[in-house]
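Position one of the sequence shown corresponds to residue 3 (the working numbering), numbered consecutively onward.
Just so you know, even glycine gets a beta-carbon here, dropped at the ideal spot from N, CA and C.
This one's a predicted model, so the numbers in the text were calculated from it and none came from an experiment.
Working notes, structure below.
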Amino acid sequence: MEQTDLIVCRDLSLGYEGQSVLTHLNLCVRGGDYLCVVGDNGSGKSTLLRGLLGLLPPLAGSIRRAPELERGAVGYLPQQTRAQQDFPATVQEVVLSGCLNRKGLRFFYTAAQRSQALMNLGKLGVLELKDQSYRSLSGGQQQRVLLARALCAASRLLILDEPVTGLDPAAAQDLYKTLNYLNRREGMAIVMVTHDLRPALRDAGTVLHIGHSGTFLGTPAEYLASPYGKRFQEAAE
């Protein structure tokens with residue numbers, strides 16, 4: 003594993019109860035990468051994210067993670083459920099919970115962790131919401147709060163599963179701009195599952211297409227020129 007490699011998958015197969023969902027995948031995520039994962043429904047995109055996060059062991063092959071990721075330098079933004087949307091806590095409490103993996107045995111958050119939470123809220127333009135109830139926010143505001151929470155957990159890598167689902171077009175574009183800023187200006191590596199093809203091709207450095215008939219890994223231009231990209235474009239239009 004090279005020094006800048008964060009995650010390396012070699013001949014990886016993932017699945018459940020011995021049944022493979024995703025097979026023979028080779029993938030490397032490096033510092034500063036922006037990888038968009040697209041493809042068919044039920045093809046294994048969310049399963050891949052579970053594997054990258056260490057929540058699902060390989061059926062075959064291997065996933066190697068940089069030591070810093072094993073210590074918690076990765077933030078995860080899952081698809082929101084109704085229960086999460088109605089979570090009864092203040093915005094600041096939600097964001098601070100991203101520091102839990104570094105809290106150790108301390109009962110209280112440190113001053114540095116509280117400062118980091120406020121900084122990330124400010125970075126995402128929602129600092130003025132810090133004392134409001136999370137469940138009173140709009141969908142776009144909730145996603146920004148959850149992204150601030152993920153940033154409290156992450157120092158090198160963000161993993162996002164359909165982050166714009168349920169957002170109106172303006173809120174979705176704001177979220178994409180924020181992710182682009184974090185990647186380009188702050189060097190945060192991003193791995194994002196999305197059905198939103200146009201922003202993926204605009205912002206990503208690499209596209210991974212997972213389909214029932216195979217996979218493709220390459221640049222957005224290479225993807226558009228491939229049979230996978232041409233078929234997926236037609237379906238998205």
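C-beta atoms of residue i and residue j nearer than 8 Å
i	j	result
Ala191	Leu8	yes
Ile212	Gly41	yes
Val128	Ala150	yes
Leu210	Thr221	no
Ala152	Gly100	yes
Ser48	Arg12	no
Ala75	Ser157	yes
Leu27	Ala206	no
Thr92	Gln118	no
Leu219	Leu203	no
Own chain residues within Cβ distance below 7 Å of residue i, not counting five before or after
i	result
Thr167	Gln81
Leu107	Any reading at Leu107 is ruled out, since the residue's pLDDT is 46, under 50, leaving its predicted position unreliable.
Ser45	Ile212, Gly213 and His214
First through last residue of the beta strand (DSSP E) which encompasses residue i
i	result
Asn28	Gln21 to Arg32
Ser64	Ala62 to Arg67
Asp163	Leu159 to Asp163
Tyr36	Tyr36 to Gly41
Where residue i sits in the DSSP three-state scheme
i	result
Gly17	strand
Arg52	helix
Leu107	For Leu107, the pLDDT reaches just 46, beneath the cut-off of 50, and the residue's location in the model is therefore unreliable, although a value from the coordinates is still provided. Three-state DSSP puts Leu107 in coil, outside helix and strand.
Gly46	coil
Beta-carbon proximity list for residue i, same chain, < 6 Å, skipping 5 on both sides
i	result
Leu120	none
Arg116	none
Cβ-based neighbour list, residue i, same chain, cut-off 8 Å, excluding 5 preceding and 5 following
i	result
Asp170	Gly141 and Gly142
Limits of the unbroken alpha helix (DSSP H) element including residue i
i	result
Met121	Ala113 to Lys125
Thr180	Pro171 to Glu188
- Message: For the stretch 133–142 against the stretch 54–71, do three or more pairs of beta-carbon atoms, one drawn from each stretch, fall closer than 8 Å, so that the two count as touching?
- Response: no
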